[in-house]
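Participant: Take a look at the following structure, please.
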Amino acid sequence: MLVDRLSLVLPLCSLVMSTKASAVARTRSSFTSLPSTTLASRALFRRRDFGRLSPISRAGGISEEIPAFVDMALRGAEIEYPQYKTLERRASYRVRLYPEGLCITLKDGGKLDMRDQIRILADYIGTGVGEDGSRAPPKNKNGEMVPIVAPIAMPAAQLTGGNRPQVLRLRLSPDFDPQKAPHPTDPRIQVVKVPEHVCAVRSIQKKGGSVQNQFQDLLAVLDRDGHTVDKESSELLHYRAPWFNPMFNSDEIAIGLRRYVHCRENRDTLWCTEY
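Residue numbers are given in the working numbering: position 167 of the sequence shown equals residue 878, and the series is strictly consecutive.
See the structure below:
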C-alpha cells in the first residue's frame, strides 16, 4: 500500500519542481533581456548619493535651476535639523512658530543675481570653490566651517508680485549669538537677527499645478480661515539632503501671519497667546 502511494506522489513532486525551475528560468531570462539603460538605472538607485539632491526628483516645480545650483554650491555644508514649533495642524497647511536667531545675508543682495548671492554666502560658510576648482578656505575671521540650519529660505517675490528685493538668507546654527557668530571677511555679507515669527506652511505638491497656483490656493485658504497674511514675507523653503527625502518630502511655501492667536486649554483654563 505504501509503495503504491509513493508511486503516485513522486511524479507529482517532480512535476511541481520542474514547473518552478522553468518559472525561475523565465524570470532570469526576462531580467537579463532588459535594456542596459534600465539595468544601469537600477544599479544607480542602489548606489544613490544622498549627499546630493537630484533636481528632477524634487516635487513642486520651483524653478529647477536655482535650487539645483544651491545644492551644488552648498555641497559639504554642515546643515542642522530645522527648529520650529507646530502651533496648528490643518488639512492643507501647518502653522509654525520659528524662534529668533541669526542669519547671514547680503547688504545689497537685491542688486545681485541669485547665483552670485549663493556663491558669496557659500564662501562664508566654507563650501566655496577656488579658481583651481578645489575647496576654498572659509571667508570668515575664524577660518572655519559655519553650520547652518535647514531649510534654505528663498524669497518668493516672483509669486507675490511685490517689489521686495530678491535677497537670499541662510540661517545660522542656534549655537551662535551676535557675539559668537564668525565675523565675515567679505564686507558685502552681514549677520542679522531674525525675530520670532509665525507662518503658514504648505508642502509643494508634484501634481498640484504650478507653484504660483499653489501659492494662490494657500492664500485663499488662509483668508477663508480668517488669518491676516503678510505676503511680503513669503518665502520658498528649500530642503536639501539629509533633510530631504525624495520619496516623502518636498520644498514648501511659507506665508507670514500677523496677529496670530494660539490658544490651548489647561484643565479648566484657556490660555491664549498672540504672536
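We treat Cβ as the ideally placed atom computed from N, Cα and C, and that holds for glycine.
Considering I900, what are the terminal residues of the alpha helix (DSSP H) in which it resides?
Facilitator: Unbroken run through I900 is the beta strand (DSSP E), 900 to 905; no alpha helix (DSSP H).
Participant: When the Cα atoms are used, what is the spatial distance from P858 to D824?
Facilitator: Those two C-alpha atoms are separated by around 24 Å.
Participant: Under 8 Å between the Cβ atoms of G839 and K850?
Facilitator: Contact: yes.
Participant: Any idea if Q927 is buried or exposed, counting beta-carbon neighbours within 10 angstroms, 16 or more meaning buried?
Facilitator: So Q927 ends up on the exposed side.
Participant: Indicate the three-state DSSP secondary structure (helix, strand or coil) for N851 in the structure shown.
Facilitator: Strand at N851.
Participant: Can you find the residues in the same chain that come closer than 8 Å, C-beta to C-beta, to W982, ignoring five residues on each side of it along the sequence?
Facilitator: Within the same chain, W982 has close Cβ partners C974, R975, E976.
Participant: So L813 and V878 are in contact, right, with Cβ under 8 Å, and what is the actual spacing, rounded?
Facilitator: In fact, because the Cβ distance is near 15 Å, the residues do not count as touching under 8 Å.
Participant: Can you name the start and end residues of the beta strand (DSSP E) that Y809 belongs to?
Facilitator: First-last of the beta strand (DSSP E) with Y809: 805 to 809.
Participant: Is DSSP giving K822 helix, strand or coil here?
Facilitator: Helix, per DSSP.
Participant: Which residues does DSSP list as the beta-bridge partners of T896?
Facilitator: Answer is none; T896 lacks a bridge partner.
Participant: Starting from V781, trace the alpha helix (DSSP H) both ways and give me its first and last residue.
Facilitator: Looking at the DSSP string, the run of the alpha helix (DSSP H) that includes V781 is 776 to 784.
Participant: Please classify A867 as buried or exposed, where buried requires at least 16 neighbouring CB atoms within 10 angstroms.
Facilitator: So A867 ends up on the buried side.
Participant: Sorted by chain position, which residues of the same chain lie with C-beta nearer than 8 Å to L968's C-beta, five sequence neighbours on each side aside?
Facilitator: Only V806, V909, C910, A911, L933, H938, T939, V940, D941, Y986 meet the Cβ criterion.
Participant: Nearest-angstrom Cα distance between V781 and G919?
Facilitator: Approximately 24 Å, taken between the alpha carbons.
Participant: Measure from the alpha carbon of L883 to the alpha carbon of each residue in V905, E963, D936, then state which is nearest.
Facilitator: That would be V905, whose Cα lies nearest to the Cα of L883.
Participant: Relative to the C-alpha of P862, which residue among K891, R830, I790 is closest?
Facilitator: It is I790.
Participant: Mark S845 as exposed unless 16 or more other C-beta atoms lie within 10 angstroms of its C-beta, in which case mark it buried.
Facilitator: Classification for S845: exposed.
Participant: Determine whether the beta carbon atoms of A784 and I815 lie at a separation below 8 Å.
Facilitator: Cβ atoms of A784 and I815: not closer than 8 Å.
Participant: Give me the Cα-Cα distance between E776 and P898, rounded to the nearest whole angstrom.
Facilitator: Rounded to the nearest angstrom, the two C-alpha atoms are 27 Å apart.
Participant: Which whole-angstrom value describes the C-beta separation of I836 and M865, a residue pair presumed to lie in contact below a C-beta threshold of 8 Å?
Facilitator: Their Cβ separation, rounded to whole angstroms, is 16 Å, which puts I836 and M865 out of contact at 8 Å.
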